[in-house]
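Comments concern the structure below.
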Amino acid sequence: MNQRHILTALLVSTGMNYWLAQPAPALAKDHKPVEASVVIKAPPEEVFEHIKLSRCQEPGRRKVVSHVNGVAVIEEQFDDLPIIGKAHCTYREVETPGKKVEYSLMSSDKLRFFEGVWDLSPLDGGQKTLVKLSSYTEAKLNVPFAREIAGNSALKDVRRRLANLKHWTEDAGCDSDHHLEHKPEHRSDHKSDHKTEHKEEEE
1 MNQRHILTAL LVSTGMNYWL AQPAPALAKD HKPVEASVVI KAPPEEVFEH
51 IKLSRCQEPG RRKVVSHVNG VAVIEEQFDD LPIIGKAHCT YREVETPGKK
101 VEYSLMSSDK LRFFEGVWDL SPLDGGQKTL VKLSSYTEAK LNVPFAREIA
151 GNSALKDVRR RLANLKHWTE DAGCDSDHHL EHKPEHRSDH KSDHKTEHKE
201 EEE
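Final position of the sequence shown in full-length UniProt numbering is 203; the numbers increase by one with none missing.
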């Protein structure tokens, strides 16, 4: 009986040592997200509210499943991702009022990671806001250059979301029905950025 106990203890110890020796899975902080920024002519608190409103401004693309105590659960459909095409995902957004919104993936049929941060910094005494949006996206497929391709796609999506947020906040207003559709969403990155810079110079 004692020999059995000793053998069992050795097996358990060996198993524990093997488990502890295994490398830890990649952490979100190790990911290298893409990032873009834009200056919006509105206070951070107002921009923050428009980030929340944006969850309902593309009903064919995303919908809010729940929103409780500053945590929103959102379902979103992507139709034109490189390599994988269509993808559905459910993700969580955690709000820090007036400062940032962090999002992370809960489940997806084709994405392994979908995470990032909306970061808001006041400018000109709080009259304007510098909005930085970072995003990391990774598909479940293991193909050559998958991360590079996903990074290019994520950067395009980040710029689209920033352009939409700037338009909805500065031009459309909270109660306007026109902010449900935004033409720059379909433009190329270069043209969208050029239009935004040109408009700011004229103003």
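Virtual Cβ for every residue (Gly too), placed ideally from N, Cα, C.
From a predicted model like this one, the values you see are computed outputs, not experimental measurements.
In this model, E138 and K128 are separated by some 33 Å (Cα to Cα). Rounded to whole angstroms, the separation of the alpha carbons of N142 and F114 is 16 Å.
The three-state reading of DSSP puts R62 in strand, counting E and B together. As DSSP reads the structure, E49 sits in no beta bridge. In this chain, T169 is not harboured by any beta strand (DSSP E), its DSSP state being neither H nor E.
If you compare the alpha carbons of E35, V47, K32 with that of N164, the shortest gap goes to V47. The DSSP-derived three-state label of P44 is helix.
Ranked by Cα distance from T169, the options S37, S54, E35 are led by S54. Per DSSP, reduced to three states, the secondary structure at D79 is strand. Nearest C-alpha to I74 among P82, H88, I84, L81: H88.
Of the candidates I149, A36, G98, V39, the residue whose Cα lies closest to the Cα of G85 is I149. Nearest in C-alpha terms to K52, of all of S107, G116, P97, is P97. A straight line joining the alpha-carbon of G125 with that of S134 spans about 24 Å. Within a 10 Å sphere around the beta-carbon of P59 sit fewer than 16 other beta-carbons, which makes this residue exposed. Closest by C-alpha distance to T90, out of E76, G70, D80, is E76. At least 7 Å separates the beta-carbon of L120 from that of K140. Cβ neighbours of V38 within its own chain (closer than 6 Å, five residues either side excluded): V131, L162, K166.
Contact between E95 and G70 holds: CB atoms are separated by about 4 Å, below the 8 Å threshold.
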